[in-house]
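Here the structure comes first, spelled out in structure tokens, and everything after it is commentary.
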Amino acid sequence: MGNFRGLGGRVWAYVRSAPGTYVWLAILFVTTVALHHMSPEFEQQFLRQRSTNLRELSDNPVRVLVASAMWIEGGHWVPYAFLYTVFHAPAERWLGTVRWLAVCVTAHVLATLISEGALLKGIHDGIAPHSAINTLDIGVSYALAGVIGVLSYRIVTPWRYAYIVVVLLVYGLPLTESPTFTDLGHFVAALIGLACCPLARGRGKAWNPKETLAALKG
């Protein structure tokens, strides 16, 4: 029993060390449960009204930019719980809640506006259909990509460069064949995270994987 209490205490301490991450994750849990109680037809209409598509951005930009980050399309919460714990929580603990939130907001807003701007140009050029102004575009992936990008500065060189290459490949390869506006948004968000280097200054010693491996070996 004591071991379970000790583990529970450590888990709770970790959660408290990244309050923004886990409050956001709790909101996503509630909204995901709500989605599971909606009919498929109502769900699509409901989410489209909270989507950062061209129509909603032109009518209610601030509302949908906030609302779109509170829902997960597809209703699968557990993978996001894992991703938030692996990326968001360490970033918030390292940067502090205010700086972490600044990265999230900047990546979410700018990547949305740039990708939707590209979609608007595609519609005007006849590349995309006019119906694309109502495209469903919700979720937290742009903020996540931004945080993954800024975490580059948490790692010492030369490991940092390898990490950056992987990030650019993961988000850049989808652009090489049949790219969508969300693929562009993810790539832009990752670049925005990389551009947030000033927020990472003075945040303590960078992580050295070599030292961690040496410690594990004893």
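First residue of the sequence shown? That's -4 in my numbering, and the numbers climb one at a time after it.
Using N, Cα and C, we set each Cβ at its ideal position, and we do this for glycine too.
Following the DSSP letters along the chain, one finds L114 inside the alpha helix (DSSP H) bounded by residues 92 to 119. R45 is classed as buried because its beta carbon has at least 16 other beta carbons within 10 Å across all chains shown. Three or more Cβ pairs closer than 8 Å define a contact, and the segment 85 to 97 falls short of that threshold against the segment 46 to 64. Rounded to the nearest angstrom, the gap between the Cα atoms of V162 and A185 is 7 Å.
When C-alpha distances from N203 are compared across S173, W154, L179, L211, the shortest belongs to W154.
I22 counts as exposed, since fewer than 16 other beta carbons sit within 10 angstroms of its beta carbon. Under the three-pair Cβ rule at 8 Å, the segment 145 to 152 counts as touching the segment 191 to 201. The beta carbon of L115 sits closer than 7 Å to those of L49, all from its chain and outside the five residues before and after it, given in chain order.
Non-local C-beta neighbours of F41 in its own chain, meaning closer than 6 Å and more than five positions away in sequence, are absent. For H181, same chain residues with a beta-carbon under 8 Å away, outside a window of 5 residues either side, are A106, S136, Y137, A140, Y166, P169 in chain order. The C-alpha of I187 lies about 6 Å from the C-alpha of A102. The continuous alpha helix (DSSP H) containing S53 extends over residues 49 to 54. For L131, there is no enclosing alpha helix (DSSP H), as DSSP marks it with neither H nor E. Annotation: T177 to S110 spans about 7 Å, alpha carbon to alpha carbon.
Sequence-distant Cβ neighbours of A123 in its own chain, meaning closer than 7 Å and more than five residues away, are L114, G117.
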